[in-house]
Amino acid sequence: MSRVLVIAEHDGSALNPSTAKCVACAAELPDPEIHVAVFAEQGEAIAAAAARLAKVAKVLRIDNPANAHALAAVLAPQIAALADGYSHVFGPSTTFGKDLMPRVAALLGVNQVSDVMSVEGAHRFRRPIYAGNVILTIGAPADRVVVATVRAASWQAVEGGNSAPVETASVDAELPGHTRFVELSAGQSDRPDLQTAKIVVSGGRALGSAESFDIIYRLADKLGAAVGASRAAVDAGYVPNDMQVGQTGKIIAPDLYIAIGISGAIQHLTGIKDAGTIVAINKDAEAPIFEVADLGLVGDLFTLVPQLEKALS
Amino acid sequence: MERILVGLKRVVDFNVRVRVKADGSGVETEGLKMSINPFDEIALEEALRIRERGEAQEVVVVSIGGSECQQQLRTGLAMGADRAILVEAAADLDQLTIARVFLALVQKENPDIVLLGKQAIDNDNNQTGQMLAALWGRPQATFASKIVLDGTTATVTREVDAGLETIAVDLPAVLTTDLRLNEPRYVKLPDIMKAKKKPLETLAFSALDVEQAPALEPVAWSPPPQRQKGVKVEDVAGLVSALRSRGLVR
Ligand SMILES: Cc1cc2nc3c(=O)[nH]c(=O)nc-3n(C[C@H](O)[C@H](O)[C@H](O)COP(=O)(O)OP(=O)(O)OC[C@H]3O[C@@H](n4cnc5c(N)ncnc54)[C@H](O)[C@@H]3O)c2cc1C
Ligand SMILES: Nc1ncnc2c1ncn2[C@@H]1O[C@H](COP(=O)(O)O)[C@@H](O)[C@H]1O
């Protein structure tokens, strides 16, 4: 039997969709019993949301003022203390999980399996390396706890409708005071979330300025889409960092991805490999993005994008 | 502040597209261009700027792997590091063991900051800094895009999914770099000459008294599923009708 502890991601009030994907991955393990742990200042609503996820057997709620913000140095010792008796501890491959889970693994004396894209057995997984150019099958020691992060883009969220029991848990761990939260400046947007949107429209360096990026937003709004960007567009300051798609940005899997004025560097393509349909608009017919695009349109984006927006009206 | 320790991993250059060996027994790296992991170059640049502002005395670069890692260490010295340490070990050492090696060096060198990349672009693990911080019992500030020091604490802005998070950590601490922290300097020829005279110490892994962690075992390598090459449409009308016929837009 696999006894799996899934670490819930949340923003203090709502459960992040990455948690339902971690549960989906955990459910692929042999004969799984899945518990979700919610570390928060006041985790009642979050725990209730986790309890609705299919396949979850139990939700553990660990309320503590120290858990108001997700600080890895504060959470890791609590998770390590709670991990006793579990065969697997899973977290999402988001910046939350990437920051936290290796610290947990080190406390438990094991290596971490990063970015699980498929489960081949209780101790065998597949994961991407070299910016997704190679898929590695990896075995973890059978006599140790498995600590892993789950690559969200590879998994479909489990359904809702469950009503798993919620238990209040306390953990015996010494919490450090050496790390303090100062502030979070979150991009304010009424648009869909980049990581869960069905349609994503992204712009690249070719946009040339923050003002010109407006045509990307307008097209996105017409489609009800989220907006992404290449690293070059973020570095140039056209858009904030949380919009970067790729190896070192967000890995996404929308049904439709529209890349506009993006050349298609391997680091960018890594982020969109799992998209349903990829559309590329680029003035260079030889741009590498056309190697992966299902539908390509060659031409000047400043002409084509407004045309497209109009055609969709 | 006295000393900053910087990790420099030797990796296949980011411009090279690697392939799986024909017999599926590994990744073909023979003859490929090797470089300093891009995130580590950013880590070194940041350490040098801190030293140049007078906020640290010494920058020490560290690489763990085969003797060929000397190349990357020499490049690091040419960029401006003061000295280098090569820990000679198998090139495929696991991440937790590497974190233990860093811990052994931390105990020897007493740095105020250990600056690492957020991830090595070969294994894409994104683990070592967090593991070292755990073993050392010290703070971590990962994915840094801005670092402000005031002697006893570092205030670090981090690139997170929701935007930019700022945390304050007491020193000593482990910091890991994201791409927008800085733009690394180019190495100039005279600096390469000067770097040849800078100290490069070699330590054997076996001399560090580090216990090897239970490693993950690579079982098989395969190329990713290839996407079918698509079609080019003539114009916007063609694009819209193709999208409609796939039911992707109304
Ligand atoms: C370690 C590392 C990690 C990285 N991680 C990422 C990552 O996560 N995400 C990412 O995106 N990149 C990443 N990169 C950067 C990546 O290598 C590329 O540099 C980047 O993706 C290029 O962005 P771009 O396509 O917008 O710009 P460019 O490569 O400059 O492409 C611009 C494109 O626009 C086209 N164009 C120009 N004008 C027009 C016009 N008027 N109309 C239509 N088309 C036009 C051009 O033909 C060109 O193809 C990373 C790099 C490194 C080294
Ligand atoms: N063999 C190594 N030698 C030097 N530094 C390393 C080594 N392995 C990892 N690092 C450091 O740890 C960071 C993260 O690596 P990883 O956890 O493998 O993604 C890298 O960017 C380096 O700064």
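Protein chains in written order, with this note's numbering: chain E, 12 to 324; chain L, 96 to 345.
Beta carbons are placed, not taken as given, at the ideal position from N, Cα and C, and that holds for glycine.
Considering only C-alpha positions, which residue in the set 279/L, 202/L, 332/L is nearest to residue 212/L? 279/L
Beta-carbon proximity check, residue 20/E vs residue 150/E, cutoff 8 Å: no
Residue 284/E: contacting residues in chain L (beta-carbon distance under 9 Å): 319, 320, 322
Neighbour flag for residue 192/E against chain B, beta carbons, 8 Å: In the structure shown, chain B does not exist; the protein chains are E and L.
Starting from the Cα of residue 112/E, find the closest Cα among 120/E, 102/E, 121/E and give me that residue. 102/E
Neighbourhood of residue 124/L by C-beta distance below 8 Å, restricted to the same chain and skipping five residues each side: 107, 113
In this structure, does DSSP put residue 103/E in helix, strand or coil? strand
Does the distance between the C-beta of residue 223/L and the nearest non-hydrogen atom of ligand 2 fall short of 7 Å? yes
Straight-line CA distance for residue 315/L to residue 124/E? 15 Å
Under 9 Å from the C-beta of residue 149/L: neighbouring residues of chain E: Here the premise fails: no neighbours, minimum Cβ distance about 25 Å.
For residue 345/L, count neighbouring Cβ atoms within 10 angstroms of its own Cβ and tell me buried if that reaches 16, exposed if not. exposed
For my contact list, residue 277/E and residue 215/E are in at a C-beta cut-off of 8 Å; report their separation, rounded to the angstrom. At roughly 14 Å, the Cβ-Cβ gap does not stay under 8 Å, so residue 277/E and residue 215/E are not in contact.
Beta carbons nearer than 7 Å to chain L: which residues of the region 233–256 of chain E have them? 234, 242, 246, 251, 252, 253
Under the three-state reduction of DSSP, which class applies to residue 286/L: helix, strand or coil? helix
Please report the straight-line C-alpha distance between residue 199/E and residue 254/E, rounded to a whole angstrom. 12 Å
Restricting to Cα atoms, I'd like to know which of 103/L, 119/L, 176/L is closest to residue 286/L. 176/L
Cβ shell of residue 266/L (< 7 Å), same chain only, five flanking positions each side left out: 207, 208, 247, 248, 249
Could you spell out where the beta strand (DSSP E) holding residue 260/L opens and where it closes? 258–265
Residue from 160/L, 161/L, 156/L with nearest C-alpha to residue 168/L: 156/L
Leaving out five residues on either side along the sequence, give the residues of the same chain with a beta carbon under 7 Å from the beta carbon of residue 193/L. 159, 223
Should residue 307/L be flagged as near chain E, meaning a C-beta pair shorter than 8 Å? no
Residue range of the alpha helix (DSSP H) that includes residue 218/E: Where residue 218/E is concerned, there is no enclosing alpha helix (DSSP H), given that its DSSP letter is neither H nor E.
Does any C-beta atom of chain E lie closer than 8 Å to the C-beta of residue 230/L? yes
Would the beta-carbon of residue 161/L fall within 8 Å of that of residue 186/L? yes
Cβ of residue 238/L versus every heavy atom of ligand 1: is any distance shorter than 7 Å? no
For the beta strand (DSSP E) containing residue 231/L, name the first residue and the last one. Not the beta strand (DSSP E): residue 231/L falls in the alpha helix (DSSP H), residues 223–231.
Under 8 Å Cβ-Cβ, which residues of chain E neighbour residue 250/L? 193
Residue 321/E, buried or exposed, once every other Cβ within 10 Å from all chains shown has been counted against 16: exposed
With distances taken between CB atoms, is the gap from residue 37/E to residue 17/E smaller than 8 Å? yes
Taking its Cβ as the centre, do 16 or more other Cβ atoms sit within 10 Å of residue 58/E, making it buried, or is it exposed? buried
Determine the contact status of residue 256/E and residue 283/E, defining contact as a CB-CB distance below 8 Å. yes
For residue 250/E and residue 241/E, the rounded distance between their alpha carbons: 10 Å
What does the shell around ligand 1 hold, if a residue joins when its beta-carbon is under 5 Å from any heavy atom? 215/E, 216/E, 217/E, 241/E, 242/E, 243/E, 257/E, 258/E, 259/E, 260/E, 272/E, 273/E, 274/E, 276/E, 278/E, 279/E, 293/E, 294/E, 295/E, 298/E, 311/E, 312/E, 109/L, 133/L
is_contact[residue 226/L, chain E] using C-beta, thresh 8 Å: yes
For my contact list, residue 325/L and residue 305/E are in at a C-beta cut-off of 8 Å; report their separation, rounded to the angstrom. 4 Å
For residue 307/E and residue 294/E, the rounded distance between their alpha carbons: 10 Å
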